[in-house]
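Working notes, structure below.
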Amino acid sequence: MTLLPQTEERADFGARIELALGASNQLFNARNSPRYVADVLQAVNLVATKVSRVDRPFTGIAPAQLAPAVEAVDLEAPLADTAAALEELEALYLRDAVYFHDSKYAAHLNCPVVIPALVGEAVLSAVNSSLDTWDQSAGATLMERRLIDWTAGRLGLGPSADGVFTSGGTQSNLQALLIARNHAVSKLRQNPAFASERLPGLLDRLRIFASEASHFSIEKSASLLGLGYDGVIQVGCDARQRMDPAALREALVASRARGEFPLAIVATAGTTDFGSIDPLAALSTLAEEFGAWLHVDAAYGGGLITSLRYKHLLDGVGAADSVTVDYHKTFFQPVSSSAILLRDGAMMGHVAYYADYLNPQSTAGTVSLNQVDKSIQTTRRFDALKLWLTLRIMGPDGIGALLDESIDLARQAGELLAHDPDFELAAPAQLSTLVFRYLPQAPDSQGNLGGTDGLDGETADALNLHIRQAVFASGKAVIAGTKVQGRHYLKFTLLNAETTLEDLQEILALVRSIGAGYLAGERA
Ligand SMILES: *Cc1c(COP(=O)(O)O)cnc(C)c1O
Numbered sequence: 023m024t025l026l027p028q029t030e031e032r033a034d035f036g037a038r039i040e041l042a043l044g045a046s047n048q049l050f051n052a053r054n055s056p057r058y059v060a061d062v063l064q065a066v067n068l069v070a071t072k073v074s075r076v077d078r079p080f081t082g083i084a085p086a087q088l089a090p091a092v093e094a095v096d097l098e099a100p101l102a103d104t105a106a107a108l109e110e111l112e113a114l115y116l117r118d119a120v121y122f123h124d125s126k127y128a129a130h131l132n133c134p135v136v137i138p139a140l141v142g143e144a145v146l147s148a149v150n151s152s153l154d155t156w157d158q159s160a161g162a163t164l165m166e167r168r169l170i171d172w173t174a175g176r177l178g179l180g181p182s183a184d185g186v187f188t189s190g191g192t193q194s195n196l197q198a199l200l201i202a203r204n205h206a207v208s209k210l211r212q213n214p215a216f217a218s219e220r221l222p223g224l225l226d227r228l229r230i231f232a233s234e235a236s237h238f239s240i241e242k243s244a245s246l247l248g249l250g251y252d253g254v255i256q257v258g259c260d261a262r263q264r265m266d267p268a269a270l271r272e273a274l275v276a277s278r279a280r281g282e283f284p285l286a287i288v289a290t291a292g293t294t295d296f297g298s299i300d301p302l303a304a305l306s307t308l309a310e311e312f313g314a315w316l317h318v319d320a321a322y323g324g325g326l327i328t329s330l331r332y333k334h335l336l337d338g339v340g341a342a343d344s345v346t347v348d349y350h351k352t353f354f355q356p357v358s359s360s361a362i363l364l365r366d367g368a369m370m371g372h373v374a375y376y377a378d379y380l381n382p383q384s385t386a387g388t389v390s391l392n393q394v395d396k397s398i399q400t401t402r403r404f405d406a407l408k409l410w411l412t413l414r415i416m417g418p419d420g421i422g423a424l425l426d427e428s429i430d431l432a433r434q435a436g437e438l439l440a441h442d443p444d445f446e447l448a449a450p451a452q453l454s455t456l457v458f459r460y461l462p463q464a465p466d467s468q469g470n471l472g473g474t475d476g477l478d479g480e481t482a483d484a485l486n487l488h489i490r491q492a493v494f495a496s497g498k499a500v501i502a503g504t505k506v507q508g509r510h511y512l513k514f515t516l517l518n519a520e521t522t523l524e525d526l527q528e529i530l531a532l533v534r535s536i537g538a539g540y541l542a543g544e545r546a
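Oh and the sequence shown: position 26 is 48 in the numbering used here, straight run, nothing missing.
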């Protein structure tokens, strides 16, 4: 065996050194910091130029048109430089991306993002702190904790509150229900009848209560937590899609009679479809009476803590045991940014795990600055910096003012739709969504009657499904869809303070013309 490379290997060796030298020019460090500035500026300029020229939310491109170009890229053969890679990116991604900042994007809970948060994004990814331990983050941990305290304070969760940033509402809900589950199991184990029962047997007795309009991540969490999807009991809603407390009481009583125990009541503060807010005070009274954890899923409605005019919609949230807040929805932050907040911070102990290499047991019980003790993630981004800079540059009122604009707009547009005979509004606006369908009553331009009398349920479904898809394909607007009592509806989700009533009227005109065209075609 020889330690020196053989002749042909030696040539290879030279090439490898050259490659490593070239690659190390791409490492972000003191030597390469000018390159970092130049390259990031190229990208920032490209995006800024793109956004300044975008005049519609989408190009309407179909997957089959875009896929071959992405497939054709040879990932084994790098391009000459950053400029070339960005040029390629323009064609593969930026040209046909869906742009949430456009005033005719009104589909999902995606927000236009604020510039202070983008500044934060640039800083946090370059420094690349990881929030699992103090020794990987230092000041970042302290800042994240201040923001948790700030959020808990605005929610009114009291002096013992704690929490942690997460990747999104789905993860926040999972963590809240994990803690609630472990809390319920430890309570059950205090009962001699269950003291020695194995976990699966106990889980089989636990139920989660959530409204029919709650987010699907509640059921997904139940499944991940070993309860099964059917561990969630769906509770009926009133006409405005808010959980009916009388129906909840009935469900709790029936469940108790079956020998089950309530793991948690999940109240939604801002349902994804209707923006409806469950009656928080009534639900917290029931939670107390039945000994259930109260989780408030405020992934959507959480931004109301900054609102100048609609803060009262969250009245009662302070009584929750846990709250989910998505900063990447109603706080205008880039994905990802979310948090789980607990009224009793000590409950965070239900997710603590002490690893010798990271946060050894010897640190337990001391005031730990290792956020991993409270998180179900390990390596974790400093997403909190985006919210930090947003608050330091715009202040909470700035966020609230943007949200209030969208709520006002939804209310105005709701009035418009409620009085338009061609549309049926499923429920009045509550936050910033509107669910409606096109059900024309009046003769169209060809004199055809399309009224509800003439439109059976299936035709109405096909019509509204077609409208949603055709609006998307036009690229002129993007709207969403959902089902109400089994029927297909259209949905506006409004989070853009620059969207005007005129924008929405133009989208409705497009809906009308696509819909009338479809009905005329069906008749022909
Ligand atoms: C969006 C949403 C979620 C999920 O949040 P993600 O950030 O998408 O994971 C959960 N609950 C409600 C009510 C939501 O609107």
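Each residue gets a CB set at the ideal place from its N, CA and C atoms; glycine is no exception.
Candidates the options: closest to residue i by CA position
i, options, result
"Leu-335", "Gly-543, Ala-451 and Ala-183", "Ala-451"
"Leu-407", "Leu-146, Leu-177, Thr-81 and Leu-541", "Leu-146"
"Val-186", "Ile-536, Ile-327, Leu-541 and Lys-396", "Lys-396"
"Thr-81", "Ala-45, Ser-74, Val-120 and Ala-52", "Val-120"
"Leu-308", "Arg-271, Trp-172 and Gly-258", "Arg-271"
"Met-265", "Gly-253, Glu-98 and Phe-296", "Phe-296"
"Leu-530", "Lys-126, Leu-200, Arg-53 and Arg-168", "Lys-126"
"Ala-198", "Asp-184, Pro-56 and Asp-118", "Asp-184"
"Gly-543", "Leu-485, Phe-514 and Tyr-511", "Leu-485"
"Asp-61", "Asp-103, Thr-155 and Trp-315", "Asp-103"
"Ser-329", "Ala-368, Gly-422, Phe-354 and Leu-274", "Gly-422"
"Phe-312", "Ala-286, Leu-249 and Ile-327", "Ala-286"
"Lys-242", "Ala-235, Tyr-251 and Val-275", "Tyr-251"
"Asp-366", "Arg-211, Arg-403 and Leu-179", "Leu-179"
"Leu-541", "Met-416, Gly-161 and Ala-482", "Ala-482"
"Thr-79", "Gln-527, Asp-525, Lys-498 and Tyr-511", "In the sequence as presented, Thr is not what sits at residue 79; that position holds Pro. Of Gln-527, Asp-525, Lys-498 and Tyr-511, the residue nearest in Cα terms is Lys-498."
"Pro-418", "Gly-325, Arg-220, Ser-360 and Met-370", "Gly-325"
"Thr-400", "Ala-235, Pro-356, Ser-159 and Val-493", "Ser-159"
Residue i to residue j span [Cα, whole Å]
i, j, result
"Asp-226", "Glu-480", "40 angstroms"
"Glu-282", "Pro-85", "48 angstroms"
"Glu-437", "Glu-446", "11 angstroms"
"Leu-477", "Arg-176", "49 angstroms"
"Arg-534", "Ala-268", "40 angstroms"
"Ala-174", "Arg-459", "38 angstroms"
"Gln-434", "Leu-425", "15 angstroms"
"Val-394", "Lys-505", "40 angstroms"
"Asn-518", "Arg-509", "28 angstroms"
"Ala-320", "Pro-284", "21 angstroms"
"Ile-501", "Val-457", "10 angstroms"
"Ile-398", "Gln-463", "53 angstroms"
"Ala-105", "Ala-94", "19 angstroms"
"Arg-331", "Val-92", "47 angstroms"
"Asp-337", "Asp-430", "19 angstroms"
"Gly-142", "Ala-538", "47 angstroms"
"His-441", "Gln-87", "41 angstroms"
"Tyr-511", "Ile-230", "28 angstroms"
"Asp-466", "Ala-546", "Residue placement at Asp-466 is poorly supported in this model, since its pLDDT is 49, which falls under 50; the coordinates are not used for a value here."
"Tyr-58", "Trp-156", "27 angstroms"
"Gly-473", "Leu-439", "The predicted model places Gly-473 with a pLDDT of 47, which falls under 50 and marks its position as unreliable, so this point remains unresolved."
Contact test: residue i Cβ vs ligand 1 heavy atom, cutoff 7 angstroms
i, result
"His-350", "yes"
"His-205", "no"
"Asn-195", "yes"
"Leu-131", "yes"
"Ser-360", "yes"
"Gly-191", "yes"
"Thr-71", "no"
"Tyr-376", "no"
"Gly-292", "yes"
"His-510", "no"
"Ser-239", "yes"
"Tyr-58", "no"
"Tyr-379", "no"
"Tyr-322", "yes"
Opposing strand residues paired with residue i [DSSP bridges]
i, result
"Lys-513", "Val-457 and Ala-502"
"Gly-603", "This structure cannot settle anything about residue 603, because the visible part of the chain is limited to 23 through 546."
"Glu-446", "Arg-459"
Near ligand 3: residue i beta-carbon under 7 angstroms from a heavy atom
i, result
"Asp-319", "With respect to ligand 3, the structure offers nothing, as its ligand set consists of ligand 1."
Counting pairs of beta carbons, one from the segment 106-116 and one from the segment 66-76, are three or more of them closer than 8 angstroms?
Touching, yes.
Okay, do the segment 142-159 and the segment 363-376 touch, 3+ Cβ pairs below 8 angstroms being the bar?
Inter-segment contact for the segment 142-159 and the segment 363-376 is absent: fewer than three beta-carbon pairs are separated by less than 8 angstroms.
Assess, as a yes-or-no matter, whether the segment 483-494 is touched by the segment 277-297 under the definition of 3 or more beta carbon pairs within less than 8 angstroms.
no
Any chance the segment 285-304 sits against the segment 256-263, with 3 or more Cβ pairs inside 8 angstroms?
yes
Counting beta carbon pairs with one atom in the segment 346-356 and one in the segment 129-136, are three or more of them shorter than 8 angstroms?
yes
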